[in-house]
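Participant: Got a structure for you, written out below as structure tokens; questions coming shortly.
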Amino acid sequence: MSFFGSTYRLPRSVHDITGHPNVSQGHHNLWQGYAWNYAPPGCGNMNYAEVSLFILRYGWRFPESSPTCTKRTNFAFEEGMLLTDVSIGYLMRSPNPLAMESGEYTGQLHLRLGPGGDFDFGNNARPSDSELIINFTLTVSHEFQVTFTEANPKVSLAPVGGWSQWTVHGKAPPRLQQELPFLLTSSNEFSVKMRCEHDVGGQCGIANAATREVVPIDVDVTMPGMRAMHSGGFAQNTPLVSERSGQVAPRFTPNSYLQNRHSRLRFAASGPAVAEMLKAPQSRWHGDVTVVFDSEP
54 MSFFGSTYRL
64 PRSVHDITGH
74 PNVSQGHHNL
84 WQGYAWNYAP
94 PGCGNMNYAE
104 VSLFILRYGW
114 RFPESSPTCT
124 KRTNFAFEEG
134 MLLTDVSIGY
144 LMRSPNPLAM
154 ESGEYTGQLH
164 LRLGPGGDFD
174 FGNNARPSDS
184 ELIINFTLTV
194 SHEFQVTFTE
204 ANPKVSLAPV
214 GGWSQWTVHG
224 KAPPRLQQEL
234 PFLLTSSNEF
244 SVKMRCEHDV
254 GGQCGIANAA
264 TREVVPIDVD
274 VTMPGMRAMH
284 SGGFAQNTPL
294 VSERSGQVAP
304 RFTPNSYLQN
314 RHSRLRFAAS
324 GPAVAEMLKA
334 PQSRWHGDVT
344 VVFDSEP
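Next comes the structure, spelled out in structure tokens:
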């Protein structure tokens, strides 16, 4: 508990009890260590008070290390006084929500009231209840969103630096590629896999529009702030596989909550695939690749 506050109500006016004509000073004189808006040793002040002839509203800060905070009166009033409008503040230490599944979590805290209890107002205090039950309801709702600049983005493979080495010097490029940026928001683990129009040995492929010949392409993903769950390594240039490949799709978990983190997919054809494509000048190669971000286990 980090805060306790209430209103005390006197049986008679503070003038009658202390004899002091000033209301605020009367409340100060009533107690050792000044009025209750001045917290006793071990507690901290909230710099807040509402006073009148009969009541004082106050609040105290409770450090973790403080076992008790005590106020004693300088004057006897056998009629007693009331504590009303009691409020408490607390700091809850929960498990790491990033490691919890989405859902509703409930619990109860039972606090004893009275002598020797969690709230002890003295041997002569008579609480209206012997127990305070606090019900907790916590909801964990993970966020997950992948945002591309276009609903159905298109990728055109090309050599890094352009085609001039091929068209001018006749030097075949070792690799054709293009990156596709996206924004990632995530607080939970997920997997990434592909659905391919053309499956080639566990990878997606692109087909020659004229001959229907298919060559494979490599697809990998980089997501700063994510780690691969099987290796613990960073999600950097992690290869993706077709869901028909029979291989387990790579699964990732965030280091912390990520919001609109700049990430990318990279599509590439290299080696034999490029050599095969260059055998057919002016040819067009295409294929659909659906990248599936799956937050379900």
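Just so you know, my numbering puts 276 at position 223 of the sequence shown, and the rest follows in order with no gaps. Where is the CB? At the ideal position from N, CA and C, for every residue including glycine.
1. Which residue marks the beginning of the beta strand (DSSP E) containing residue 112, and which one marks its end?
2. Just grab the DSSP bridge partners of residue 273 for me.
3. In the DSSP assignment, find the alpha helix (DSSP H) that holds residue 71 and state where it starts and stops.
4. With the cut-off set at 7 Å, would you say residue 281 and residue 305 are in Cβ contact?
5. Can you give me the C-alpha to C-alpha distance between residue 80 and residue 67, rounded to a whole angstrom?
6. Nearest CA to the CA of residue 95: which residue from 169, 113, 127?
7. Does the stretch 311–326 come close enough to the stretch 267–281 to have 3 or more Cβ pairs within less than 8 Å?
8. Taking the runs of the beta strand (DSSP E) that are 3 residues or longer, which of them lie wholly in the stretch 190–244?
9. By DSSP's criteria, residue 84 is part of a beta bridge. Which residues make up the other side?
10. Could you check which residue in 192, 236, 70, 213 has the C-alpha nearest to that of residue 203?
11. Please name the residue, chosen from 276, 121, 147, 186, that lies closest to residue 158 on a Cα-to-Cα basis.
12. Residue 278 and residue 233 look like a contact to me (Cβ under 8 Å); what is the Cβ gap, rounded to whole Å?
13. Any contact of the stretch 118–128 with the stretch 136–155, i.e. 3+ C-beta pairs under 8 Å?
14. Got a sec, what are the start and stop residues for the alpha helix (DSSP H) residue 325 sits in?
15. Residue 152 by DSSP, collapsed to three states: which one?
16. Going by the beta-carbon positions, is the gap between residue 248 and residue 184 smaller than 7 Å?
17. For residue 70, is the classification buried or exposed, using 16 other Cβ atoms within 10 angstroms of its Cβ as the cut-off for buried?
18. In three-state terms, what does DSSP make of residue 301?
19. What residue range does the beta strand (DSSP E) around residue 346 cover?
20. Quick one: using the 10 Å Cβ neighbour count with 16 as the cut-off for buried, is residue 100 buried or exposed?
Facilitator: The structure says:
1. Mapped onto the sequence shown, residue 112 falls at position 59. Where residue 112 is concerned, the enclosing beta strand (DSSP E) starts and stops at 108–114.
2. Numbered from its first residue, the sequence shown carries residue 273 at position 220. For residue 273, which the question treats as bridged, DSSP gives the partners 292, 319.
3. In the sequence shown, residue 71 corresponds to position 18, counting from 1. Counting along the chain, the alpha helix (DSSP H) containing residue 71 begins and ends at 67–71.
4. Position 228 of the sequence shown, counted from the first residue, corresponds to residue 281. Position 252 of the sequence shown, counted from the first residue, corresponds to residue 305. Their beta carbons are under 7 Å apart, which means residue 281 touches residue 305 by this criterion.
5. Counted from its first residue, the sequence shown places residue 80 at position 27. Counted from its first residue, the sequence shown places residue 67 at position 14. Per the coordinates, the alpha-carbon of residue 80 lies some 6 Å from the alpha-carbon of residue 67.
6. Here residue 95 is taken as the residue at index 42 of the sequence shown, counted from 1. Among 169, 113, 127, the Cα nearest to that of residue 95 is on 113.
7. Judged by Cβ distances under 8 Å, the stretch 311–326 makes contact with the stretch 267–281, as three or more pairs qualify.
8. Counting whole runs of 3 or more residues, the stretch 190–244 contains the beta strand (DSSP E) stretches 197–200, 228–239.
9. Mapped onto the sequence shown, residue 84 falls at position 31. Partner(s): 126.
10. Within the sequence shown, the letter at position 150 stands for residue 203. It is 236.
11. Position 105 of the sequence shown, counting from 1, holds the residue named residue 158. Here the closest residue by C-alpha is 147.
12. As a working mapping, residue 278 is identified with position 225 in the sequence shown. As a working mapping, residue 233 is identified with position 180 in the sequence shown. The Cβ separation is near 18 Å, so there is no contact.
13. no
14. Working through the sequence shown from its first residue, we reach residue 325 at position 272. Residue 325 -> alpha helix (DSSP H) spans 325–331.
15. Counting from 1 along the sequence shown, the entry for residue 152 is found at position 99. Of the three classes helix, strand and coil, the one that applies to residue 152 here is helix, per DSSP.
16. Position 195 of the sequence shown, counted from the start, is the residue given in the question as residue 248. Position 131 of the sequence shown, counted from the start, is the residue given in the question as residue 184. Against a cut-off of 7 Å, the Cβ pair of residue 184 and residue 248 comes out as no contact.
17. Indexing the sequence shown from 1 puts residue 70 at position 17. Burial call: buried.
18. Translated into positions along the sequence shown, residue 301 becomes position 248. Reduced to three states, the DSSP call for residue 301 is coil.
19. Within the sequence shown, numbered from 1, the residue matching residue 346 stands at position 293. Unbroken beta strand (DSSP E) run through residue 346: 342–347.
20. Residue 100 sits at position 47 when you count from the first residue of the sequence shown. Exposed.
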